[in-house]
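Each residue of the sequence shown is one higher than the last, beginning at 1 in full-length UniProt numbering. Below: one structure, written as structure tokens.
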Amino acid sequence: MKSIIVALALSSATALVAPSAPRMPTALQAATKDPATTSYQPTEGANAAVDTNNKGDAWVSQMQRPRRNRKSAGVRSMVRENFLTPANLMQPIFIHEDSDQVVPIPSMPGQSRHTLDSMVEQVKKGMALGVKSFILFPKVPDDLKTNFADECYNPDGIVPRAVAMCKAACPEATICTDIALDPYSDQGHDGIVLDGKIVNDMTIEQLCKQAVCHARAGADFVGPSDMMDGRVGALRMALDAEGHTDVGIISYSAKYASAFYGPFRDALDSHPGFGDKKTYQQDPANGREAIIEATLDAAEGADMLMVKPGVPYLDVIRRIRDVVDLPIAAYHVSGEYAMIKAGAEKGWVDEKAIVLETLMCFRRAGADVILTYYATDAAQWMNDEGNVCL
């Protein structure tokens, strides 16, 4: 009896199930006139990769669709995590007194060695576009270069006079100076050379004199780029002792012995006279070492920490950002600039697009300030679009 009931139930269930109807073609199939019988259809079969919705359109079931937050410029702007403004940028300016002419730098198209008068015009131009920070790099005549780099703290030297001129013309501009011996050294190194070695502590003595000299001229920040051990603490003590407690220190905390500096050294005529800088600049293979340098500089009184070069070291910027709360600067260096310029001149890259993307990547990695030779150009591009915040 039980077997008869089961058989009747199965028979009734079978009768109630309508024969399966062929699926309607999706909108894509209809549009392309793709014959379902002759090609693979992702919407067909027992294990279809793509389903169809109530309207017969292809549909992949998923609750989260990240593209919804990218569907329009307005939505993208609303959820943007990082922003770039001209105020985030610092413009490096090369200065010289070899002649009364602005001298183009061949390996850095668009950049020049400026006279002090043209330097002031560059600062005014940047300020008008929203770039408020500038850092000065001098090209020093060979006859003023010595191993001890005494010209670096000459109160009548090119940098103190340049700082004073910038502050007189644009009091609201933030003027930074480079603290290192290499522009003034007949050895081309960042420190004093004795017996073929760059000596640390004796170099710091000269750096302290240089920093105080620049502070007296009106510098807002000094930027020790030398990578001598302990120099940040010594500079802080020297500045404070001379009453310059408001002068900040942008420490080149993670400055690597990089191949990307060539055009910069052309600009300043400061290539090493012998050897390289690997005994004081960091090994490009090392990331954890940058944390040691950054935390030491922070403890010694740095107000801002810098990573140099930029794009190849975005991971270092992120590592430092994760452990230190001080502002971080990234230096988009001369070699990076020259590569973009070369690609743009060949027509291989869109210069504006690639520059703005690069600068935004610095911000995403954790940089607050970006030193870049493109600062005023980038600010101009933002202003041209009526958008001073990207």
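From the three backbone atoms N, C-alpha and C, an ideal C-beta is built for every residue, glycine too. These numbers come from a predicted model, not from an experiment.
Nearest to residue 263 by CA position, among 106, 47 and 175, is which residue?
Selected option, being the one with the closest Cα: 106.
Coarse secondary structure for residue 158, derived from DSSP in three states:
Helix at residue 158.
Which ranges does the alpha helix (DSSP H) cover as unbroken runs of at least 4 residues, wholly within the segment 101-146, from first to last along the chain?
Segments of the alpha helix (DSSP H) lying fully in the segment 101-146: 116-129.
Tell me the rounded alpha-carbon separation between residue 115 and residue 66.
Going from the Cα of residue 115 to the Cα of residue 66 covers about 52 angstroms.
Let's test the definition: count the other Cβ atoms within 10 Å of the Cβ of residue 323 and tell me whether it reaches 16, buried, or not, exposed.
A residue is called buried when at least 16 other Cβ atoms come within 10 angstroms of its Cβ; residue 323 does not meet this threshold and is exposed.
At what residues does the beta strand (DSSP E) containing residue 337 begin and finish?
Counted as a single uninterrupted DSSP element, the stretch harbouring residue 337 is not any beta strand (DSSP E) but the alpha helix (DSSP H) occupying residues 334-345.
According to DSSP, which residues form a beta bridge with residue 308?
For residue 308, which the question treats as bridged, DSSP gives the partners 255.
Residue 171 versus residue 295 - alpha carbon distance
C-alpha of residue 171 to C-alpha of residue 295: approximately 33 angstroms in a straight line.
Do you know whose CA, among 343, 301, 341 and 287, lies nearest residue 318's CA?
By alpha-carbon distance to residue 318, the top candidate from 343, 301, 341 and 287 is 287.
Can we say the segment 333-340 touches the segment 371-382, given the rule of at least three CB pairs closer than 8 angstroms?
Below 8 angstroms, enough C-beta pairs join the segment 333-340 and the segment 371-382 to call them touching: three or more.
Boundaries (first-last residue) of the alpha helix (DSSP H) holding residue 90
Run containing residue 90: none in the alpha helix (DSSP H); it sits in the beta strand (DSSP E), 89-95.
In terms of DSSP beta bridges, what is residue 176 paired with?
Secondary-structure assignment with DSSP links residue 176 through a beta bridge to 135 and 221.
Nearest-angstrom Cα distance between residue 201 and residue 229?
Each residue's alpha carbon lies about 8 angstroms from the other.
Can you name, in chain order, every residue of its own chain whose Cβ lies under 6 angstroms from the Cβ of residue 113, other than the five neighbours on each side?
So the qualifying residues of the chain are 94, 96, 103 and 139.
Check residue 330 in the structure and name its three-state DSSP category.
Three-state DSSP puts residue 330 in a strand.
Any idea if residue 40 is buried or exposed, counting beta-carbon neighbours within 10 angstroms, 16 or more meaning buried?
With fewer than 16 Cβ atoms within 10 Å of its Cβ, residue 40 is classed as exposed.
Check for me: the alpha helix (DSSP H) holding residue 314 runs from which residue to which?
Annotation for residue 314: the continuous alpha helix (DSSP H) segment containing it runs 314-323.
If contacts are defined as beta-carbon pairs under 8 angstroms, then residue 297 and residue 253 qualify, I think. What distance do you get, rounded to the angstrom?
Between residue 297 and residue 253 the beta-carbon gap is near 5 angstroms, inside 8 angstroms, which marks them as a contact.
Do three or more CB pairs link the segment 242-257 to the segment 298-312 at distances below 8 angstroms?
The segment 298-312 and the segment 242-257 touch, with three or more beta-carbon pairs separated by less than 8 angstroms.
The ligand HEM and residue 343: does any heavy atom of the ligand fall closer than 8 angstroms to the residue's C-beta?
For the structure depicted, the ligand HEM is absent and the ligand set is empty, with no information on it obtainable.
Among 181, 69 and 84, nearest to residue 78 - alpha-carbon criterion
Of all alpha-carbon atoms in 181, 69 and 84, the one lying nearest the alpha-carbon of residue 78 is that of 69.
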